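Novice: Protein sequences, first through last, are from chains W and G. Following the working numbering, the numbering of the first sequence begins with 1 at its first residue and continues without gaps. Following the working numbering, the numbering of the second sequence begins with 1001 at its first residue and continues without gaps. Beta carbons: idealized from backbone N, C-alpha and C, even for Gly. Remember, predicted model here, so these are calculated numbers, not experimental data.
2 protein chains.
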Amino acid sequence: MHRLEDLSNNKRSYTSGAYLYRTGDCFKSLHAIRSGSFKTRVLHEDGREQVTGFLMAGEIIGLDAISTDHHTCEAVAMENSEVCELPFNKLEELSRDIPSLQRHLHKIMSREIVRDQGIMLLLGSMRAEERLAAFLLNLSQRNAAHGMSGAQLKLHMSRLEIGSYLGLKLETVSRTFSHLHESGVIKVRNRAIEILDFPALKAILARP
Amino acid sequence: MHRLEDLSNNKRSYTSGAYLYRTGDCFKSLHAIRSGSFKTRVLHEDGREQVTGFLMAGEIIGLDAISTDHHTCEAVAMENSEVCELPFNKLEELSRDIPSLQRHLHKIMSREIVRDQGIMLLLGSMRAEERLAAFLLNLSQRNAAHGMSGAQLKLHMSRLEIGSYLGLKLETVSRTFSHLHESGVIKVRNRAIEILDFPALKAILARP
DNA sequence: TGCAAGACTTGATATATGTCAAAATGACTA
DNA sequence: TAGTCATTTTGACATATATCAAGTCTTGCA
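#1: For W/L170 versus W/L180, is the C-beta spacing smaller than 8 Å?
#2: Given a threshold of 16 other Cβ atoms within 10 Å of its Cβ, counted over all protein chains shown, does G/T1040 qualify as buried or as exposed?
#3: If distances are taken between C-alpha atoms only, which option among G/R1175, G/S1067, G/T1172 comes closest to G/G1024?
#4: What residues of chain G sit near W/K107, judged by a beta carbon separation below 7 Å?
#5: Considering W/G163, what are the terminal residues of the beta strand (DSSP E) in which it resides?
#6: Determine, for W/H44, whether the minimum Cβ-Cβ distance to residues of chain G falls below 8 Å.
#7: Could you check what DSSP says for W/G53 in three-state terms: helix, strand or coil?
#8: Looking only at its chain, what residues have a beta carbon closer than 6 Å to the beta carbon of W/G167, apart from the 5 residues adjacent to it on each side?
#9: Taking all protein chains shown into account, decide if W/D69 is buried (16 or more other Cβ within 10 angstroms of its Cβ) or exposed.
#10: Determine the burial state of G/A1145: buried for a count of at least 16 other Cβ atoms within 10 Å of its Cβ, exposed for fewer.
#11: Within the chosen definition, does the segment 132-148 of chain W reach the segment 87-101 of chain W through at least 3 CB pairs nearer than 8 Å?
#12: Can you tell me which of W/I193, W/V188, W/T176 puts its alpha carbon nearest to the alpha carbon of W/N143?
#13: If you drop the 5 nearest sequence neighbours on each side, which residues of the same chain put their C-beta closer than 6 Å to that of G/Q1152?
#14: Take the Cβ of G/Q1050 as the centre, count every other Cβ of all protein chains shown within 10 Å, and call the residue buried at 16 or more, exposed below.
#15: Give me the Cα-Cα distance between W/V83 and W/F38, rounded to the nearest whole angstrom.
#16: In chain G, which residues lie with their C-beta within 8 Å of the C-beta of W/P99?
#17: Going by the CB atoms, is the gap between W/D116 and G/I1113 shorter than 8 Å?
#18: Given that G/E1112 touches chain W, what residues does it touch there, using C-beta distances under 8 Å?
#19: According to the neighbour-count rule (16 or more other Cβ atoms, all chains shown, within 10 Å of its Cβ), is G/E1130 buried or exposed?
#20: Kindly list, in the order they appear in chain G, the residues whose Cβ is closer than 8 Å to that of W/M120.
#21: Can you grab the Cα-Cα spacing for the pair G/G1184 / G/M1078, in whole Å?
#22: With 9 Å as the C-beta to C-beta threshold (strictly closer), list the residues of the segment 1139-1151 of chain G near chain W in chain order.
#23: State the start and end residues of the unbroken beta strand (DSSP E) segment that holds W/A77.
#24: Just the Cα atoms here: how many angstroms apart are G/N1010 and G/L1030?
#25: I'd like to know whether the C-beta of G/T1072 is nearer than 8 Å to at least one C-beta of chain W.
#26: Taking DSSP's pairing of strands, which residues face W/V173 in a bridge?
#27: May I have a chain-ordered list of the beta strand (DSSP E) segments no shorter than 3 residues that lie completely inside the segment 1039-1124 of chain G?
#28: Mind pulling the chain G residues with CB within less than 8 Å of W/R103?
#29: For the alpha helix (DSSP H) holding W/S140, just list the boundary residues, first then last.
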């Protein structure tokens, strides 16, 4: 596993709003997010766009590009962030020698597929309030997994971006936040969200 | 590449409606569809479900399960079908020796991620008619890729299943089919669809 | 072949979310 | 610090899709 370190000494910084890659860019490396966060989005010919993910520290970004050797979406930093470059052919080479790395890489890719299936379920069959509840709980969980608070969330994305991700208009996102705020489930102060009543938030999801 | 054949001599048949695997099943093998077609769907606690894919001959099924060694969705045959079992640890073993196979496997997984992103775009930002147009064009393209007609489609799934996949109710699917039929873009006779006007169908997608 | 169950279509109506608009708030810059 | 611009909230209204309800058509089985 020490050989992995050869791979990971190449760190780069991105300021908020900077592109990690754009649609069509040639693919050479995956990137591990060391700090900060990124959003990914796909673009349709007619200017339509869809945010497909919000990624934070510890997560791997760029898996879409392996398919065609070109990026099929773009990744933008949502705050000042650091990534570690993982040249993909080195990764493949290493994973031929190290079965546990190979397995790990496969699991990472598969996990992304599972994550996308979850979003499809959300987009295909949930109402606005359920989508937002699922979104907040997911964020909370990932925050907690990094030793940060599960209750206090600092959103680095706008209502517009949340809307795009959840298949809602920004006004609907705003209204739904307000509604959850009024019912005492969460506290909303601009982009700082506090989850006050976890069971209630989970109950929104559990009841179809 | 001949060693691949060792892998692929294990064929199995599934009658229409039979499960290839269920949610929670232990994962051992991917499956290559030799003939026929399958649908995959994810289940939510509250009985909610979402069809996440319709797979046909030549496609690989089961990639979701690598993540946890257990299947996170279920796969059901939509007609009498044959699959070829690909034991995953043998696949990993072989791909350590054969870089081109390794690369191929990675591309297959990445392609699935890209496909899912496309569905997220569809579910998140398209109207009913656009979703159905995208669905039909995709089906047509895959049909044509297998040497079959791109214009004559035989649907193996019900309106309910199409609706689940596209995030619509079955009535909306039916109405939208009827509408496309009336406007002369397609001809609908039960599950036999004929695409009469490709440019018109594509135009529905291009105009936001 | 005929019957029954499921699949599909179509209509009337309800509703969640979108659209348009304006005001309020917050953030950045000069 | 003030001023400008972007973001967010909130309201009134529009609309796409969902829901409920018949009714018709297929299909598979007896």
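Specialist: Taking the coordinates as given:
#1: no
#2: buried
#3: G/S1067
#4: I1066, S1067
#5: Counting along the chain, W/G163 falls outside any beta strand (DSSP E), though it belongs to the alpha helix (DSSP H) covering 159-166.
#6: yes
#7: strand
#8: L123
#9: exposed
#10: exposed
#11: no
#12: W/I193
#13: E1194
#14: buried
#15: 10 Å
#16: E1092, R1096
#17: yes
#18: I113
#19: buried
#20: V1042, Q1050, T1052, D1116, I1119, M1120, L1123
#21: 28 Å
#22: none
#23: 74-77
#24: 12 Å
#25: yes
#26: In DSSP, W/V173 forms no bridge with anything.
#27: 1049-1056, 1074-1077, 1081-1087
#28: E1092
#29: 128-145
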